[in-house]
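First residue of the sequence shown: 1, per UniProt numbering; consecutive thereafter. Note that beta-carbon positions come from the ideal geometry of N, C-alpha and C, so glycine has one too.
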Amino acid sequence: MDIWDRNSLKKITTVEAPNSSECSWSPDGRYIMTATLSPRLRVDNGYKIWHYTGALVHSQNIQELLQVQWRPASVELYPMRQLSPAPENAKSPTSPTKPSSGAYLPPQARARGTPTVDIFKREEETNNKVQENGAKPAGTPEIMSKAAVKNKKKREAKKRREEETVKETVDSSDDIDTLIVSPSQTSPVKNEITNNGIPEVVNSIDMAKSDSTQQSTSNLSETDKKIRNLTKKLRQIAELKDRQMNGDKLEITQSKQGILLKDLHGIWHPSQPNYISMICASKNGMLTDFSQNLNGPSLPELLEEKNISWKAYIENYPGNGFKADESDDKLYVRKHNPFISMNNIRKDSTMVSKIVNSKQLTDDIEKDDVPQYVFYVPNINNNGEKTNLKFASNFLKNEFIPLVQHLLTSTRTLLVITFDEAFTYIDFNLTNYNHIYTTLIGPNVLNSFTHNDDTRYSHFSWVPTIEVNWNLSSLGNGVDTDR
């Protein structure tokens, strides 16, 4: 906020009060109150009193603050007077710091870069190399330290192990367990390998390979294709490892185990049509967040036909087919539970029993009874809708990932972390429209190698992907439609 003197038309000061949802002047016109209120924001609630000179006079944090206001008083009690200094106990105003401009980025690159990358930021270790000055005489043998010799042996041994796993990986083409996480609110490398140990659910996202690629490989047997592609990936792994051991900094997506879908987009605004699309391969006529009862088939019915076990784990869900728009604690909202909107599910008591509170996941993991398909929905605090991205990031890092870590290391599980929509839903540039962060993580996403997929996907891509993985019936081809 900029405070100006109306008489002299001079700026007095600037006050910074981030995340404020309330602002009002005191009756005497000398103080300003800013506040962060619930339910607009459920974290950092409280209020602050500022002198008009920008000095902070009082600050009070409150766990949940619904409303705050000045005690009403007549303006006649406070006649106009000259400007006065701030109270002695007030904190001096601080000048707002301007963010560093940094390197120039074109407009189309600013929104695409990292809408939710804070979820996976890591600390980078700085490798300071000490190099000898001058060149060595020709013919001088290279002298390696004990550590260098040890590292070289490790690299050679690892390379041998990787080559030995090629045939084993080629013979492995089992179906996978699927784990989908949908932290709602704001915020894909084209795979050449099929049926080779990398989860089919990843490979089948790529819906359109070019005819030229298919023709160029048509003369090779399926086994030869798999061996060729795996050899290529293993070579890329070795190159990345060598770069890392030489001290090169790898991109964040090169140092994690997974695939970053770099061009995945939400379907619509607001939230609910995106959730419906993830289980119906269409918006099914849903265009708002208002509750609707929808006809037509959905993914759970296809899973039931093939006896594929499934559950929807939803935080703060009251259970028993709860149909209201929100729970008593207001942390569960129906618009983020697509299953309860489908008539065929809601009228089937067996399928309704598979929509459960997220606490059940802990019990199912302990009992080794986790279903093959899991749809997990955080509440509106943990998904960042009523908090912020940092809060959602901490939930993923400190609570959810540790919960499912056992699944990611000991079973054929694929974890999909995605969002329903992004703030760029208002950007009608089709290149950037509703661009959201999505990543695939799992032990079978070619261990220790991470790559990016630049192919354009949307929430319509999920159902066809799962259909292919388990050879299910088809709900449609996942094209953008208002059916």
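Ser473 and Ser282 have their C-alpha atoms roughly 15 angstroms apart.
Cβ-Cβ separation between Asp328 and Ser291: approximately 17 angstroms, too far for a contact (criterion under 8 angstroms). With 16 or more other Cβ atoms from the protein chains shown falling within 10 Å of its own Cβ, Ala422 counts as buried.
Between Thr439 and Ile259, the gap from beta carbon to beta carbon is short of 8 angstroms. With contacts defined by Cβ atoms closer than 8 angstroms, Ser271 and Glu315 do not form a contacting pair. If you look at Asp364, you'll find it in the alpha helix (DSSP H) that goes Lys359 to Glu366. DSSP, read as helix, strand or coil, puts Arg71 in coil. Judged by DSSP secondary structure, Gln60 falls within the beta strand (DSSP E) whose first and last residues are Leu56 to Asn61.
The stretch 394 to 405 and the stretch 330 to 344 do not touch, with fewer than three beta-carbon pairs separated by less than 8 angstroms. Nearest Cα to Asn343 within the set Ser458, Ser298, Ser353 and Asn19: Ser298. In its chain, beyond the 5 residues on either side, Met1, Cys23, Thr34, Lys48 and Trp50 have a beta carbon closer than 8 angstroms to the beta carbon of Ala17. Shortest Cα-Cα distance from Asn381 to any of Asp369, Asn394 and Gln69 involves Asn394. If you keep only unbroken alpha helix (DSSP H) runs of at least 4 residues inside the stretch 314 to 379, you get 343 to 346, 349 to 352 and 359 to 366. Taking the CA atoms as reference points, Leu66 sits about 24 angstroms from Asp28. If you look at Thr465, you'll find it in the alpha helix (DSSP H) that goes Trp462 to Trp470.
Per DSSP, Lys283 lies in no alpha helix (DSSP H) segment and is marked neither H nor E. In the structure shown, Lys10 adopts extended strand secondary structure according to DSSP, grouped into three states. Annotated three-state conformation of Leu475 is coil, per DSSP. Apart from sequence neighbours up to five positions away, the residues of its chain that approach Asn379 with a beta-carbon distance below 7 angstroms are Glu315, Asn316, Leu331 and Tyr332, ordered along the chain. For Leu415, the uninterrupted beta strand (DSSP E) segment begins and ends at Thr413 to Ile417. With contacts defined as CB atoms closer than 8 angstroms, Gly296 and Asn284 qualify as a contacting pair. Here the alpha carbon of Ser84 sits roughly 42 angstroms from the alpha carbon of Gly384. Around the beta-carbon of Gly54, 16 or more other beta-carbon atoms lie within 10 Å, marking it buried. By the criterion of a C-beta distance shorter than 8 angstroms, Asn471 is surrounded in its chain by Lys306, once the five residues flanking it on both sides are discounted. Checking the DSSP bridge columns, you'll see Asp263 partnered with Arg456. The three-state reading of DSSP puts Lys159 in helix, counting H, G and I together. Just so you know, the alpha carbons of Asp5 and Thr13 end up roughly 10 angstroms apart. The three-state reading of DSSP puts Ala422 in coil, since its state is none of H, G, I, E or B. Rounded to the nearest angstrom, the gap between the Cα atoms of Ile466 and Glu304 is 13 angstroms. The Cβ neighbour count for Ala147, taken over all protein chains shown within 10 Å, is under 16; the residue is labelled exposed.
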